[in-house]
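Going by our numbering, the first residue of the sequence shown is number 71, and it counts up by one from there.
For glycine and all other residues, C-beta sits at the position ideal for the given N, C-alpha and C.
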Amino acid sequence: MRRGLLDIESLTRAEIDGILTRSKDFQPAPGQTFKRFETLRGRTVVNLFFESSTRTRTSFEIAAKRLGADVLAITAAGSSVSKGESLVDTLNTLGAMRPDAIVMRHAASGAPHFLSRYLPIPIVNAGDGTHEHPTQALLDARTILDRRGTLEGLRVAIIGDIAHSRVARSNIFLLSKFGVQVVLCGPASLLPREIGQIAPGVTLTTNMETAIRDVDVIMMLRVQLERQHEAAFPASEYFQFYGLRPEHVELAKPDVVVMHPGPINRGREISSEVADSQRSAILNQVENGIAVRMAVLEKVLAA
Ligand code: NCD
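Below, the structure is given as structure tokens:
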């Protein structure tokens, strides 16, 4: 992983397993806080976020600090990017400061891959356009494993704006490498047929009941209006057709795990009753984000 972590697609099952297993060591015991380590003492991690983020940015920052690294956060709004500096000039400037790794989120698919060809340091993709969000898929897998013990043979429904979701793509790649049956569901305008072909064992449906019946995990997605150039589905009807409500959850396995990468829009893609229910693992996902990102940073920075 000398080049960092750019996507899930190019990782082997063994590499993914290694990160998921190591992340268990970083999970705090119930009621405890995260332990501190000295592994990355003296190293500098730059968090370079060109798109807004709450969970991902802060958890990368906490993860790096828990490992003893120094962290520098740069957001587009507060940097020279807002003064018109090009990506290459921003990257050259950062490179001259010689950080040990860069964690990057960008609206353009492939931006971290470009950066990794440009700078001789590990780059960690924190979400690139509609392409991939590898650490999200890893933390989602950790969360499923915590509740189910295995991924093999599970049935997972991913529901919502599949077309614009890097979370969906990374999860499809990861889950299908582990023998999970993935069902993708959303309005036809947000469910491109090609996405079913990116991995084996993926099926598509526009019907939410069909998608949810007997599944082990329901992953809800936000409608990414910022990536849609025209309205793909009437906002007023979205919740009626694709909003997750208690009656849907009843169709799934009795111990179904309900997930959402956040930010959630209550009353749009998920009802409060479901989001706040026992079956919801949404806050476990957030917590696991730190442990998984510690495992990723340790791996990519291990000298
Ligand atoms: C996701 C993202 O940014 O891709 N959020 C996250 O990282 N937790 C999903 C989203 O924004 O809807």
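Pull up the DSSP beta-bridge partners for Met174, would you. Leu118 and Asn195
Quick check on the burial criterion: 16 or more other C-beta atoms within 10 angstroms. Buried or exposed for Lys105? exposed
From what residue to what residue does the beta strand (DSSP E) around Gln251 run? Gln251 to Cys255
Inter-residue CB distance, Thr126 and Gly197 (contact presumed, cutoff 8 Å): 7 Å
Sequence-distant residues of its chain with Cβ nearer than 7 Å to Asn195 (five each side left out): Leu75, Leu76, Asp77, Met174, Pro182, Glu202 and Pro204
In terms of residues, what are the limits of the beta strand (DSSP E) holding Thr273? Val272 to Thr275
How should Lys153 be labelled, buried or exposed, when 16 other C-beta atoms within 10 angstroms of its C-beta is the threshold for buried? exposed
Under 8 Å by Cβ, that's how I've got Cys255 and Met278 pegged, so tell me the actual separation to the nearest angstrom. 6 Å
Under 6 Å: does the beta carbon of Pro331 sit that close to some heavy atom of ligand 1? yes
For ligand 1, is there a heavy atom less than 6 Å away from the beta-carbon of His299? no
Those runs of the alpha helix (DSSP H) which lie wholly inside the stretch 74 to 127 and span at least 4 residues: 83 to 96
What are the boundary residues of the alpha helix (DSSP H) that includes Ala207? Pro204 to Arg218
Beta carbon of Glu339, beta carbon of Gly313: below 7 Å? yes
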